[in-house]
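A short worksheet on the structure shown next.
Residue numbers (the numbering used here): 835 to 955.
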C-alpha cells in the first residue's frame with residue numbers, strides 16, 4: 835500500500851469532516867487487473883488489513899497502477915493502516931505498507947464512525 839495526496843483530497847482539507855473529504859479519502863485505487871481477479875470490475879468495497887489495522891474502503895480502477903499495488907489518499911483511513919513508528923522524522927511510513935485486500939459486503943464507515951471506532955482502541 836502506498837498513500838499520497840490527490841487533488842480532490844487536497845482541495846477538501848478545509849472541511850475534513852465534510853462529505854467530499856470523506857468520500858475521497860475512503861476510496862482506494864487498484865489496477866484493473868487486480869479488480870478483475872477479485873471479481874470487482876463493476877465496483878464495490880474491499881477490506882484492507884495491515885499489521886496495524888483494518889478498514890473497509892470503496893474501490894476505483896486506476897490504469898496507471900501496477901498489479902499488486904493499492905493507493906489510498908492521505909487521510910484517516912490511510913492513517914489507521916500505517917504503523918506508529920516515525921523513524922525519527924516525525925511522520926509514519928506511508929509507502930510500502932504490506933496489506934491484504936479482500937472483497938467485502940461490509941459498508942464503508944463515514945468519517946464520524948471511523949473516528950468513534952479509533953477512539954475505542
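We put the beta carbon where it would ideally sit given N, CA and C, even for glycine.
| Query | Result |
| --- | --- |
| Distance, residue 870 Cα to residue 884 Cα | 22 angstroms |
| Spatially closest choice to residue 942 from 900, 909, 891, by CA coordinates | 891 |
| Of the residues 944, 909, 935, 939, the one placed nearest residue 859, counting alpha carbons only | 909 |
| The alpha helix (DSSP H) enclosing residue 913, as first and last residue numbers | 910 to 913 |
| Buried versus exposed, by CB contacts within 10 Å (16 or more), residue 907 | buried |
| Residue 904 versus 946, 874, 931, residue with shortest Cα-Cα distance | 931 |
| Cβ neighbours of residue 933 in the same chain (closer than 8 angstroms, five flanking residues each side left out) | 835, 882, 883, 884, 904, 915 |
| Bridge partner(s) assigned by DSSP for residue 881 | 890, 936 |
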